[in-house]
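The sequence shown begins at 56 in this note's numbering and counts up by one.
Here the structure comes first, spelled out in structure tokens, and everything after it is commentary.
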Amino acid sequence: MSSESVPRRGAASASLHALLEAEWQYSLQQYPTYASLLGDRRWNDKWDDLSLAALEADHRHSHDVLRRLQDVDRAALDSDADRLHLDLFRRMHETWLEEYGVKAHLLPLNQMGGLPEGLKQPPGLQTAYQLADTLRFETVRDYEDWVKRLEGFGAYADQVVALMREGMRQHRIHPRIVLQRIPPQLERQVVKDPTQSGFYGPFTRMPGDIPEEDTRRLQQAGRDAIANTVVPALKRALDFVTTEYLPAAPETVGVWQFPDGEAMYTVLARRHTTTRLTPEEIHAMGLAEVQRLRAELDGVMARTGFTGTRQAFFEKLRTEARFYEPTGESLLARYRALAKRIDPLLTRLFRTMPKKPYVVEPIPEAMAPDVTTGFYFPASADGSRPGTFQVNLYRPETRPVWEMVPLTLHEAVPGHHFQVSLASEQTDVPDFRRFTSYVAFDEGWALYAESLGDELGLYDDPHDKFGQLAYEMWRAVRLVVDTGLHAKQWTRKQALDFFMENAPRQELDITNEVDRYIAWPGQALAYKVGQLRIRALRDRAEARLGKRFDVKAFHDEVLLTGSLPLDVLEAKIDAWVARESA
Numbered sequence: 056m057s058s059e060s061v062p063r064r065g066a067a068s069a070s071l072h073a074l075l076e077a078e079w080q081y082s083l084q085q086y087p088t089y090a091s092l093l094g095d096r097r098w099n100d101k102w103d104d105l106s107l108a109a110l111e112a113d114h115r116h117s118h119d120v121l122r123r124l125q126d127v128d129r130a131a132l133d134s135d136a137d138r139l140h141l142d143l144f145r146r147m148h149e150t151w152l153e154e155y156g157v158k159a160h161l162l163p164l165n166q167m168g169g170l171p172e173g174l175k176q177p178p179g180l181q182t183a184y185q186l187a188d189t190l191r192f193e194t195v196r197d198y199e200d201w202v203k204r205l206e207g208f209g210a211y212a213d214q215v216v217a218l219m220r221e222g223m224r225q226h227r228i229h230p231r232i233v234l235q236r237i238p239p240q241l242e243r244q245v246v247k248d249p250t251q252s253g254f255y256g257p258f259t260r261m262p263g264d265i266p267e268e269d270t271r272r273l274q275q276a277g278r279d280a281i282a283n284t285v286v287p288a289l290k291r292a293l294d295f296v297t298t299e300y301l302p303a304a305p306e307t308v309g310v311w312q313f314p315d316g317e318a319m320y321t322v323l324a325r326r327h328t329t330t331r332l333t334p335e336e337i338h339a340m341g342l343a344e345v346q347r348l349r350a351e352l353d354g355v356m357a358r359t360g361f362t363g364t365r366q367a368f369f370e371k372l373r374t375e376a377r378f379y380e381p382t383g384e385s386l387l388a389r390y391r392a393l394a395k396r397i398d399p400l401l402t403r404l405f406r407t408m409p410k411k412p413y414v415v416e417p418i419p420e421a422m423a424p425d426v427t428t429g430f431y432f433p434a435s436a437d438g439s440r441p442g443t444f445q446v447n448l449y450r451p452e453t454r455p456v457w458e459m460v461p462l463t464l465h466e467a468v469p470g471h472h473f474q475v476s477l478a479s480e481q482t483d484v485p486d487f488r489r490f491t492s493y494v495a496f497d498e499g500w501a502l503y504a505e506s507l508g509d510e511l512g513l514y515d516d517p518h519d520k521f522g523q524l525a526y527e528m529w530r531a532v533r534l535v536v537d538t539g540l541h542a543k544q545w546t547r548k549q550a551l552d553f554f555m556e557n558a559p560r561q562e563l564d565i566t567n568e569v570d571r572y573i574a575w576p577g578q579a580l581a582y583k584v585g586q587l588r589i590r591a592l593r594d595r596a597e598a599r600l601g602k603r604f605d606v607k608a609f610h611d612e613v614l615l616t617g618s619l620p621l622d623v624l625e626a627k628i629d630a631w632v633a634r635e636s637a
């Protein structure tokens, strides 16, 4: 909680808040890389403990927390807000127990690093070096902590391998098609010169006020740790993946082939969508959205004056040079200019603006060939590091400019940066509420944000509007393809063909996307499910309130209590509409 004064609480609420604070501190200590991402430096010298014993102990801890929550007298809590804190905290631990039960932790490595983002998803081995880019390096202690972290990387890497080996034993292993991307990623980091390692980055930009003697000492310690610990650990992991893991990987795709694979997918779909929708219902929802968006795309295509087929128009957008920047540098400059153009427009639709700034940077070259178009990394909790919208500059001839507006609205403002920053800046809720992420809310909001380009005047060019609809189609296709792969036993080729038929994206992007769905079952469902719910809530509010509907007030109501499960958000908006209607 904020250190600001709060009203005196009753016994039940005081007990609840004490438990929430104690458990928040427990989580930060158990997952020190997550604490580091938030700007908490207390455990900057440690990696998460991913040993099977530690994970089992954490599992037992969640059981204990749920037992303790049973002792909280919900009716005696001071406010509806406290009752919501209790319900969400219970739900979070129940979700963790479900995920542990389907053994998701035995799949700790894939071509994108590790599991989807969140508290209990520590860095993948080939992406761990990126942690350095999220930390502040200002003092001797900061560098000493980083050296200690590097010296501990061997144990961390060996724990990841041990989890994968246990996954092999239980026949839970990613398909070969996605695992074969990992060896080249690791090979690029098995360097002979430690100064060429991504882990050495902080030592190349040491502050001038650190004494020269300390600078030399710390740089040498960094080189030694990388040469003696980090590189050998990455080499061990590379050897394991190449000689043991890959040969054991199945050729077929989809978690349906795992022991209890159907149950695993149901749990992951529920976790990511925060709904009880079945895979069959989600698949049907996706097919309906694909059909609707085909008609909208055809309408915009006609506005451009094109008279051929939809597939011919897709090919035109994929191949005409005027839709591409010649270099990665010019593409990055264009993204930065677009972000500056969008920023001042936001007051048309938003009353509350985040205090934290954001920057636009390239995705690291080592990862760019194997990942999608863009990512967002949140600002640190203390504001010392801005939010970062990372764009993929690999092969700019495959990065069309007509996708720039929806991507920037999604990843930066008013999408992820806007939503995540506003959540973290709330001071009247427990810390777990400020930083908890519900993917359907976060990604649903970001996809909804793409559609706001109409109201911001950003889609006057029909090609840009086509880009927005193409992005929405991409997320609708995800509902069909993800459920197809993991619940309907689709082949990878079926998924690729369906994608190519319905979305005007480059083959490289489509391939990376489908392989992402294979590696992250259920995560891709969150975007469209969340967006449809948020849009439906806005439509319902507008219909009920008529001229009294204030879009700025609606957006405040959605955003200013942080990330929420979709059913909780729906109840919240319905209550707001009822108040506004009175």
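Just so it is clear, CB atoms sit at the ideal spot from N, CA and C, and this is done for glycine as well.
Report whether the distance from the Cβ of residue i to the nearest heavy atom of the ligand ATP is below 7 Å.
{"i": "residue 99", "result": "With respect to the ligand ATP, the structure offers nothing, as it holds no ligand at all."}
Restricting to Cα atoms, I'd like to know which of the options is closest to residue i.
{"i": "residue 132", "options": "71, 511, 291", "result": "71"}
{"i": "residue 583", "options": "269, 328, 170", "result": "328"}
{"i": "residue 254", "options": "175, 421, 597, 621", "result": "421"}
{"i": "residue 601", "options": "632, 314, 360", "result": "632"}
{"i": "residue 169", "options": "528, 574, 76", "result": "574"}
{"i": "residue 503", "options": "492, 474, 341", "result": "474"}
{"i": "residue 510", "options": "402, 493, 628, 447", "result": "402"}
{"i": "residue 14", "options": "590, 595, 541, 529", "result": "There is simply no residue 14 to check, as the chain begins at 56 and stops at 637 in what is shown."}
{"i": "residue 369", "options": "518, 613, 124", "result": "518"}
For residue i, does the count of other Cβ atoms within 10 angstroms reach 16, so buried, or fall short, so exposed?
{"i": "residue 107", "result": "exposed"}
{"i": "residue 439", "result": "exposed"}
{"i": "residue 181", "result": "buried"}
{"i": "residue 537", "result": "buried"}
{"i": "residue 302", "result": "exposed"}
{"i": "residue 353", "result": "exposed"}
{"i": "residue 454", "result": "buried"}
{"i": "residue 380", "result": "buried"}
{"i": "residue 463", "result": "buried"}
{"i": "residue 81", "result": "exposed"}
{"i": "residue 156", "result": "exposed"}
{"i": "residue 60", "result": "Because the pLDDT of residue 60 is 48, which lies under 50, any placement of that residue in the model is unreliable, and the number read from its coordinates should be weighed accordingly. Under this definition residue 60 is an exposed residue."}
{"i": "residue 636", "result": "exposed"}
{"i": "residue 622", "result": "exposed"}
{"i": "residue 118", "result": "exposed"}
Helix or strand or just coil, what does DSSP make of residue i?
{"i": "residue 89", "result": "helix"}
{"i": "residue 443", "result": "strand"}
{"i": "residue 432", "result": "strand"}
{"i": "residue 652", "result": "Nothing about residue 652 can be read from this structure; the chain reaches only from 56 to 637."}
{"i": "residue 628", "result": "helix"}
{"i": "residue 230", "result": "coil"}
{"i": "residue 94", "result": "coil"}
{"i": "residue 168", "result": "strand"}
{"i": "residue 163", "result": "coil"}
{"i": "residue 257", "result": "helix"}
{"i": "residue 451", "result": "helix"}
{"i": "residue 572", "result": "helix"}
{"i": "residue 198", "result": "helix"}
{"i": "residue 211", "result": "helix"}
{"i": "residue 514", "result": "coil"}
{"i": "residue 59", "result": "Low per-residue confidence applies at residue 59: pLDDT is 46, beneath 50, and the placement is therefore not dependable enough to give any value."}
Should residue i and residue j be called a contact, given that it needs their Cβ atoms to be closer than 8 Å?
{"i": "residue 190", "j": "residue 284", "result": "no"}
{"i": "residue 300", "j": "residue 219", "result": "yes"}
{"i": "residue 311", "j": "residue 544", "result": "yes"}
{"i": "residue 236", "j": "residue 161", "result": "no"}
{"i": "residue 75", "j": "residue 469", "result": "no"}
{"i": "residue 477", "j": "residue 615", "result": "yes"}
{"i": "residue 385", "j": "residue 436", "result": "no"}
{"i": "residue 580", "j": "residue 524", "result": "no"}
Grab the span of the alpha helix (DSSP H) containing residue i for me, first residue to last.
{"i": "residue 617", "result": "Note, residue 617: premise wrong, no alpha helix (DSSP H); not H, not E."}
{"i": "residue 150", "result": "135-156"}
{"i": "residue 492", "result": "Unbroken run through residue 492: none, as it is neither H nor E."}
{"i": "residue 529", "result": "517-542"}
{"i": "residue 279", "result": "267-280"}
{"i": "residue 239", "result": "237-242"}
{"i": "residue 346", "result": "334-358"}
{"i": "residue 294", "result": "286-295"}
{"i": "residue 548", "result": "547-557"}
{"i": "residue 366", "result": "365-374"}
For the beta strand (DSSP E) that residue i lies in, which residues bound it at each end?
{"i": "residue 426", "result": "Per DSSP, residue 426 belongs to no beta strand (DSSP E) and is neither H nor E."}
{"i": "residue 417", "result": "413-417"}
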